[in-house]
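Engineer:
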Amino acid sequence: MNTLLLLVAAFGSLAHGLDIKATTDKYQFKANLVKSAVIHNSTGNVHIAPVTTDQAFVVVNKVKWGPRCSANVDLKDGALMVETDDKAWILDHECRVDLIISLPNEIPLEIRTGTGDVQIMATRGDIDVKVGRGLISLKGDINNLRALSGSGDVR
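Heads up: the sequence shown is residues 132 to 286, going by the working numbering.
1. My output table needs one value for residue 153: the three-state DSSP class, helix, strand or coil.
2. Nearest CA to the CA of residue 164: which residue from 259, 228, 234?
3. Note down the Cα distance separating residue 208 from residue 198, rounded to an integer number of angstroms.
4. Excluding the five sequence neighbours on either side, which residues of its own chain have a C-beta within less than 7 Å of the C-beta of residue 239, listed in chain order?
5. To the nearest angstrom, report how far apart residue 279 and residue 231 are at their CA atoms.
6. Decide if residue 229 is buried, meaning its Cβ has at least 16 other Cβ atoms within 10 Å, or exposed.
7. So is residue 193 buried or exposed if we call it buried at 16+ other beta carbons inside 10 Å?
8. Buried or exposed for residue 248, please, with buried defined as at least 16 other CB atoms from any protein chain shown within 10 angstroms of its CB.
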């Protein structure tokens with residue numbers, strides 16, 4: 132009985148500060164104001180597709196989220212900046228964010244992820260993507276491509 136109480140107490144202290152439920156934030160911008168995008172995601176997938184309306188958007192799906200996690204989305208002078216981070220010295224994957232992004236298809240993209248897949252569809256712009264561990268999947272008429280995955284395929 133004491134062991135069971137100890138396990139429940141230990142789990143409770145580990146779960147304290149973690150949001151067990153995934154939450155989602157959505158950001159919208161006028162598509163014609165977005166001229167480039169820089170996306171940095173420490174842990175999680177990134178999905179990019181072209182806009183279908185006059186609105187560009189970023190959906191930040193916080194799959195695992197704790198007090199050390201941060202997500203910033205900002206459009207300044209035509210540059211869309213999306214950055215998620217885990218402030219820990221050693222990444223223990225406490226922060227996992229999946230990004231769904233809809234952008235004009237001809238803008239240049241810079242994407243960096245630590246762990247997670249990157250999928251880019253129907254783009255015509257220049258792409259610079261680096262993934263530490265994960266699959267890079269590209270579809271479109273890409274002008275210039277630089278793709279690197281430390282551990283994973285590039286398709």
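The beta carbon of each residue, even a glycine, is placed where N, CA and C say it ideally should be.
Structural biologist: Walking through what the data contain:
1. Residue 153: coil per DSSP, three-state reduction.
2. 234
3. Computed Cα separation, rounded: 30 Å.
4. 167, 256, 257
5. Spanning the two alpha carbons is a distance of roughly 21 Å.
6. Looking at its Cβ environment, which holds 16 or more other Cβ atoms inside 10 Å, residue 229 is buried.
7. Here residue 193 is buried, its C-beta having at least 16 other C-beta atoms within 10 Å.
8. Of the other Cβ atoms in all chains shown, 16 or more fall within 10 Å of the Cβ of residue 248; this residue is therefore buried.
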